[in-house]
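Chemist: 1 is the number of the first residue of the sequence shown in full-length UniProt numbering; add one for each residue after it.
Built from N, CA and C at the ideal position, the CB exists for glycine as well.
First the structure, which I've put down as structure tokens, then a few questions once you've had a look.
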Amino acid sequence: MTDGPPENPPPGWAAQQPPAYGAPGPGSWAAPGQQPPFPPPPPGYGPHQQMPYNPYGAPPAPKPGIIPLRPLTLGDMYNGAVAAIRANPKATLGLAAVVVTVTQLVAFAIQAATAEATLNLLTINESTVTDDPDAILGSLAGLLGGAVLTLIVSVISMVVLTGILTSVVGRSVFGESISIGQAWRQTAGRVLPLLGLGLLQTLMVFGIIVVPFLLIGVMAGTFLGAGAVVLFFLLLVGGVIGAVFLYTKMSLAGAAIVLERIGVFAAIGRSFRLVRGDFWRVFGILLLTAIVAGLVQGAIGAPFQIAGTIIGGDAETLQEVTSGFYLSMALATVGAIIGGVLASPFSAAVNTLLYADRRMRAEAFDLVLQTEALERQRGGMPTGPQDLWHPSYGSGYRPPGPWQP
């Protein structure tokens, strides 16, 4: 009987035990008197892979309709305005065609009614020029009255058109189309507040610009010479700056009246709060949009005006002048209708999207829109469009009350 390890290990033990720490493993070799070799190092890491850069740090915002549901850039607003017109031409171009045509025809009738006063001021030859001061003043009064009446009609029609188009664009944010009848039914109850806003804006801007002229007229007998000229210039510049300031601060009130369904003064206060902190950006977008719309209208209307001028330029008798005058007005009206049909929906859409952008930036309203889009994608019951735009959905909401600019 020999001493040695048992042939069969005890239960729970492996037949071969692992080598002790530092001992050579199976298959390794070490010379006598030398340390056994160390085990091989673990495999190294693979090459570093750089993750793609995402400037927003989040997936792209959903875009169920004409704009992405995030704070908008100028390009987003302009692309969205064009997309709204293309997606719903009947409720944009068609509605604009009706309103602009009626407005221009009314303006043509007013100008035609005052055409006699205008023709009395035209100098053809000495036998047709009147020297009666009363006749000249009457002609000037007729021209001024016609211009004021035309301005009032234009303001009323544009306010109503902008309000209806605001409702159309508000639905287009979620890719919904709406007919002219549906747009009118949604906006009909807001027409009076819109008219009140348009009248108030006109009076405020008109008053700020006219007051300097009245002051100069009152002080004309006291201040004469270079001092009066400098004072007039300063007052005029101040009036223009004040008018631009008020127009910019009140520019979002119309959209608030239609989409939030609030009153005139509450909408003005709402517009003041939304524009606060971003005045120059809002002003720049409004100015650029007005320039673009003006260029479109001018480019379309210029050929008609040039044609009217050429046709009436060779008139020699009073009858020829009268015929040329009416023909020139008719051609100018056609050009104004075509230009207005294209420019009016674009301007109204940009203004509505600017309102949406300011709510997204000031009140995190994009989260509300994204939640609504997700709910619709899941097949849930969509929120009513008027309820969705209610200011209580924004984090910066304050209940409508006294005007707090």
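To the nearest whole angstrom, what separates the beta carbons of Ile180 and Gly294, a pair I think is in contact under 8 Å?
Modeler: The Cβ separation is near 26 Å, so there is no contact.
Chemist: On the DSSP letters alone, give me the boundaries of the alpha helix (DSSP H) that Thr271 sits inside.
Modeler: Note that residue 271 is Ser in the sequence shown, not Thr. Taken as a continuous stretch (DSSP letters only), the alpha helix (DSSP H) holding Ser271 covers Val264 to Val275.
Chemist: For Arg378, is the classification buried or exposed, using 16 other Cβ atoms within 10 angstroms of its Cβ as the cut-off for buried?
Modeler: By the 10 Å Cβ count, Arg378 comes out exposed.
Chemist: Between which residues of its own chain and Val326 is the CB-CB distance below 8 Å, once the five residues before and five after are set aside?
Modeler: With the sequence shown as reference, residue 326 is identified as Tyr, and Val is not the correct amino acid for it. Closer than 8 Å at the Cβ level, and outside the excluded window around Tyr326, lie Ala112 and Ala115.
Chemist: I need the DSSP call for Pro59, collapsed to helix, strand or coil.
Modeler: Reduced to three states, the DSSP call for Pro59 is coil.
Chemist: Pairing CB atoms from the stretch 351-360 with CB atoms from the stretch 62-77, are three or more of them under 8 Å?
Modeler: With the cut-off at 8 Å, the stretch 351-360 and the stretch 62-77 touch.
Chemist: Quick check: the stretch 80-93 against the stretch 171-187, are there 3 or more CB pairs under 8 Å?
Modeler: Yes, the stretch 80-93 touches the stretch 171-187.
Chemist: Which of the three DSSP states is assigned to Trp280 in this structure?
Modeler: Residue state, collapsed to three classes: helix.
Chemist: Does the separation of the CB atoms of Gly263 and Ile300 fall below 8 Å?
Modeler: It is not a contact, given that the beta carbons lie outside the stated cut-off.
Chemist: Contact between the stretch 332-352 and the stretch 261-281 is defined here as three or more beta-carbon pairs at a separation below 8 Å; is this criterion met?
Modeler: Too few Cβ pairs lie closer than 8 Å, so no.
Chemist: Can you check the stretch 151-209 for any alpha helix (DSSP H) of at least 4 residues that lies completely inside it and give the ranges in chain order?
Modeler: Those alpha helix (DSSP H) runs which fall completely within the stretch 151-209 and span 4+ residues are 180-187.
Chemist: For Val99, does the count of other Cβ atoms within 10 angstroms reach 16, so buried, or fall short, so exposed?
Modeler: Buried, by the Cβ-count rule.
Chemist: Quick check on DSSP: helix, strand or coil for Pro52?
Modeler: Because Pro52 carries a pLDDT of 47, less than 50, the predicted location of this residue cannot be relied on, and the following value inherits that uncertainty. Looking at Pro52 - three-state DSSP - the assignment turns out to be coil, as it is neither helix nor strand.
Chemist: Is the beta carbon of Ala290 sitting closer than 8 Å to the one on Leu165?
Modeler: No. Outside cutoff.
Chemist: Around the Cβ of Gly163, are there at least 16 other Cβ atoms within 10 angstroms (buried) or fewer (exposed)?
Modeler: Answer is buried; the Cβ neighbour count reaches 16.
Chemist: Can you give the Cα-Cα distance for Thr103 and Asn88, rounded to whole angstroms?
Modeler: C-alpha separation (whole angstroms): 22 Å.
Chemist: Is the distance from the Cβ of Thr309 to the Cβ of Ser328 below 8 Å?
Modeler: Yes, Cβ-Cβ distance for Thr309 and Ser328 is below 8 Å.
Chemist: Can you give the Cα-Cα distance for Pro193 and Leu149, rounded to whole angstroms?
Modeler: Roughly 21 Å between the two C-alpha positions.
Chemist: Would you kindly work out how many angstroms separate the C-alpha atoms of Arg261 and Leu252, rounded to a whole number?
Modeler: Roughly 13 Å separates the two Cα atoms.
Chemist: Which residue from Arg190, Trp184 and Ala373 puts its Cα closest to that of Ala255?
Modeler: Ranking the options by Cα distance to Ala255, first place goes to Arg190.
Chemist: Whose C-alpha, out of Phe233, Ala96, His390 and Phe346, is nearest the C-alpha of Ser157?
Modeler: That would be Ala96, whose Cα lies nearest to the Cα of Ser157.
Chemist: Report, in whole angstroms, the separation of the C-beta atoms of Gln305 and Pro62, which I expect to be a contact under 8 Å.
Modeler: Between Pro62 and Gln305 the Cβ distance is about 46 Å, and since that is not below 8 Å, they are no contact.
Chemist: In whole angstroms, what separates the C-alpha of Ala91 from that of Val168?
Modeler: Cα to Cα, the separation comes out at about 7 Å.
Chemist: Out of Lys249, Ile268 and Gln297, point me to the one whose CA is closest to Phe283's CA.
Modeler: The shortest C-alpha separation from Phe283 is found at Lys249.
Chemist: Expressed to the nearest angstrom, what Euclidean distance is found between the alpha-carbon atoms of Ser344 and Ala302?
Modeler: Distance between the alpha carbons of Ser344 and Ala302 is about 17 Å.
Chemist: Report yes if the CB atom of Val292 is closer than 8 Å to the CB atom of Leu342, and no otherwise.
Modeler: No, the pair does not count as a contact, with Cβ atoms beyond the cut-off.
Chemist: So which of Gly207, Tyr247 and Ile178 has the shortest CA-CA distance to Leu287?
Modeler: If we check each option's Cα against that of Leu287, Tyr247 comes out closest.
Chemist: What whole-angstrom Cβ distance do Val258 and Thr202 have, given they're in contact under 8 Å?
Modeler: Contact doesn't hold; Cβ gap of about 19 Å is too wide.
Chemist: What's the gap between the Cα of Pro71 and the Cα of Arg376?
Modeler: Pro71 and Arg376: Cα-Cα distance of roughly 21 Å.
Chemist: State the DSSP-derived secondary structure class of Ser328, mapped to helix, strand or coil.
Modeler: Helix at Ser328.
Chemist: Taking the alpha carbon of Tyr78 as the point to measure from, which residue in Ile311, Ile285, Pro60 and Ala373 has its own alpha carbon closest?
Modeler: The candidate whose alpha carbon is nearest that of Tyr78 is Ile285.
Chemist: Nearest CA to the CA of Val205: which residue from Gly239, Pro60 and Asp76?
Modeler: Checked all of Gly239, Pro60 and Asp76; the closest Cα to Val205 is Gly239.
Chemist: Helix, strand or coil for Met250, going by three-state DSSP, please let me know.
Modeler: Here Met250 sits in coil by DSSP.
Chemist: Quick check: the Cα distance between Val350 and Gly277, rounded to an integer number of angstroms?
Modeler: Answer to the nearest angstrom: the Cα atoms are 20 Å apart.
Chemist: Assuming Val153 and Ala107 make a contact with CB atoms under 8 Å, what is their CB distance in whole Å?
Modeler: Indeed they touch by this definition, with Cβ atoms about 6 Å apart.
Chemist: Looking only at C-alpha atoms, which of Val244, Val211 and Leu161 sits nearest to Leu231?
Modeler: Nearest option by C-alpha distance: Val211.
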